[in-house]
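Numbering (the working numbering), first residue to last: 3 to 464. Using N, Cα and C, we set each Cβ at its ideal position, and we do this for glycine too. All values reported here derive from a predicted model rather than from experimental measurement.
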Amino acid sequence: MMTTFSTESKKPTIVIVGAGLAGLTTAYRLHQQGANVHVYEARNRVGGRILTAQVGAESVELGGQNLSDGGSAENIQRLIDELNLEIKTHRNHLSFSYFNGEEFLSESTLRKNLVDPANLKSKLEEVASSANNMRDVLDALFEEKSILYNALSVRLAAYEGAPPEKLSLLYMGTLYQMLLGGICAVHPGHAHEENYVEMISLKEGNQILPEKLAQLLGEKIHLNRPLRAVSKNVEGEYILTFQNEQHVKADILVLTLPCSIYKDITFEETVIPQKQLELIKSIQYGKNAKILIPFSQLPPEKMTFIDDQMGCFFADPNVLTLYFTGDAGQFSSKTITEAYLRERPVLERGFGKFCPPLVRPVYAQDEAMQKYQGPVGYSWPNDPYVKGSYSYIAPGQEVLLTSIDEVEGEKVKTLFKPIGNQLYFAGEHASILLDIPGTMEAACESGERTARMIKNGFSKSL
């Protein structure tokens, strides 16, 4: 007979910290097996870095946007099918123009003059042999501060989360695809063809997925519970202390919170060994933010612009996304207008009479499905419960974040191996899908796999 938690008279108490996609997926799968599982979330909502808003009649995404960033996204697609959710798609033309402060210059034209597709791979391999980071690679390929140099610096920072000097050489594949006119391995470029990316999201907004999972879990979800400390008692149970001084016991603990938040929590040495804890804390997160601008009149050509600190594109048919990188992505409710005004000349020059009238943007509330009439933005680096957009691999962290082991018949990142069949890690940072890091699919995969590992570990303990 297949072992499920419901067949046992004494069910272990499983506590999951974090109600983002990884935590909810783990909880949902365990709940289906009859487990006694509870999810504790710091925010007043579920979904983590998925944050859907309503701008006019459109459902738009201030956080996780494109399901196809996860490639075939088999794990998230399975959930979508199970929950009978509908998707919407539209095709984005990848034709980037760089604004140098005076005029727009076609990146594709510059690439044709400076990039030889036939020799590109060997050229990149040659450059990488003496480079330490992606900035070194750009320095070797192009004149510093040339148009293509600047454009690729911003595109790398936008997609992978950090400026090139902070990115590992493992992102050479991303640069290769960008030089061919694409974005990355799952959105490849084709040197002599028009390049597109399929934008796929949920019809009711991506927020509907975590909301539906939370509905199925019901009273198992506990909101407004920022975690402050984790210890162990003499019985071997975990003791979780939350900000409201509430204490919760757990036989099995799953941590799905971003690594950037571990420094805000006190972990006893008996919970996570000090060396492992320091390595987890060392993982870096991107500085990306969005301002979304509704268009009442669409331009005949939906251009994609880049300047020195942001890229803009129509992620939704009638709403323009300004996607900020680096320090520009750290705006607040007080500085969002300043960030937007810096970009107005680009928009006015690029869209002309189609550019919407100037309306000061609103800084979004951290609440799902809020309605806004004009421009709205959100900065993930300034979010207290993540302090960044998504994890990335810094120079020197290649082995740390790509090393894979096997536990209970499942592959797992070595850094995030379960501790004693009692403590598990999940989240986009813990995913074994190394070609789609930082995506919703990566988060979902880690949740599915963690639930399987917990079930397998529990079965062996019977």
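Sequence-distant residues of the same chain with beta carbon closer than 6 Å to residue i, five excluded per side
i, result
"residue 107", "100 and 149"
"residue 2", "Shown here, the chain extends from 3 to 464; a query on residue 2 therefore has no answer."
"residue 216", "48 and 223"
"residue 42", "19, 224 and 227"
"residue 24", "258, 428, 429, 445, 448 and 449"
"residue 433", "444, 447 and 448"
"residue 75", "69 and 443"
"residue 243", "230, 231 and 249"
"residue 26", "212 and 215"
Classification of residue i by the beta-carbon crowding that lies within 10 angstroms, buried from 16 upward
i, result
"residue 256", "buried"
"residue 222", "buried"
"residue 59", "exposed"
"residue 70", "buried"
"residue 165", "buried"
"residue 359", "exposed"
"residue 318", "buried"
"residue 109", "buried"
"residue 436", "exposed"
"residue 386", "exposed"
"residue 61", "buried"
"residue 415", "buried"
"residue 275", "exposed"
"residue 171", "buried"
"residue 4", "For residue 4, the predicted structure reports a pLDDT of 45, less than 50, and the residue's modelled location is therefore unreliable. A value from the coordinates is still provided. Label assigned to residue 4: exposed."
"residue 155", "buried"
"residue 346", "exposed"
"residue 323", "buried"
"residue 80", "exposed"
"residue 464", "Low confidence applies here, because residue 464 scores a pLDDT of 38, under 50, leaving its location unreliable and the question unanswered by this model."
"residue 67", "buried"
"residue 93", "exposed"
"residue 355", "exposed"
Close beta carbons around residue i, own chain, < 8 Å, minus the five adjacent residues each side
i, result
"residue 348", "101, 307, 309 and 314"
"residue 1", "The structure shown does not extend to residue 1, since the chain is modelled only from 3 through 464, so no value can be given for it."
Expected contact under 8 Å - CB spacing of residue i and residue j to nearest Å
i, j, result
"residue 450", "residue 441", "The Cβ separation is near 14 Å, so there is no contact."
"residue 267", "residue 321", "Not really, about 37 Å apart at Cβ, beyond 8 Å."
"residue 219", "residue 29", "6 Å"
"residue 1", "residue 390", "With the chain represented from 3 up to 464, any question about residue 1 goes unanswered, as that position is not in the structure."
"residue 286", "residue 168", "7 Å"
"residue 377", "residue 294", "7 Å"
"residue 466", "residue 208", "Since the first and last residues shown for the chain are 3 and 464, residue 466 lies out of range."
"residue 22", "residue 50", "3 Å"
"residue 163", "residue 96", "Between residue 96 and residue 163 the Cβ distance is about 19 Å, and since that is not below 8 Å, they are no contact."
"residue 178", "residue 123", "7 Å"
"residue 202", "residue 52", "So it is not a contact: roughly 14 Å between Cβ atoms."
"residue 326", "residue 290", "7 Å"
"residue 392", "residue 288", "6 Å"
"residue 272", "residue 234", "5 Å"
"residue 365", "residue 64", "In fact, because the Cβ distance is near 10 Å, the residues do not count as touching under 8 Å."
Residues that DSSP places opposite residue i in a beta bridge
i, result
"residue 201", "92"
"residue 409", "412"
"residue 220", "Answer by DSSP bridge pairing: none, since residue 220 is not bridged."
"residue 287", "393"
"residue 15", "38"
"residue 326", "291 and 312"
"residue 186", "189"
"residue 251", "241"
"residue 234", "240"
"residue 321", "296 and 318"
"residue 229", "244"
"residue 281", "Answer is none; residue 281 lacks a bridge partner."
"residue 269", "232"
Close beta carbons around residue i, own chain, < 7 Å, minus the five adjacent residues each side
i, result
"residue 384", "332 and 334"
"residue 458", "410 and 411"
"residue 373", "56"
"residue 15", "38, 251, 252 and 253"
"residue 454", "412"
"residue 357", "349 and 350"
"residue 330", "311, 312 and 341"
"residue 362", "339"
"residue 77", "443, 446, 447 and 450"
"residue 133", "139, 142 and 171"
"residue 161", "176, 185 and 186"
"residue 145", "151"
"residue 200", "70, 91 and 93"
Problem - Minimum length 4: unbroken alpha helix (DSSP H) runs contained in the stretch 350–391 - result: None, since the stretch 350–391 contains no complete alpha helix (DSSP H) of that length.
Practice task
Ignoring anything shorter than 4 residues or poking outside the stretch 30–118, list the alpha helix (DSSP H) runs there in chain order.
Solution key: With a minimum length of 4 residues, the continuous alpha helix (DSSP H) runs that stay inside the stretch 30–118 are 76–84 and 109–116.
Exercise for the section: Could you tell me which uninterrupted beta strand (DSSP E) segments, each at least 3 residues in length, are contained entirely in the stretch 422–446, listed from first to last along the chain? Expected result: As far as the stretch 422–446 is concerned, its whole beta strand (DSSP E) runs of at least 3 residues are 425–427.
Practice task
Scan the stretch 293–318 and note each continuous beta strand (DSSP E) run of 3 residues or more that stays entirely inside, going in chain order.
Solution key: Correct list: 306–308 and 312–318.
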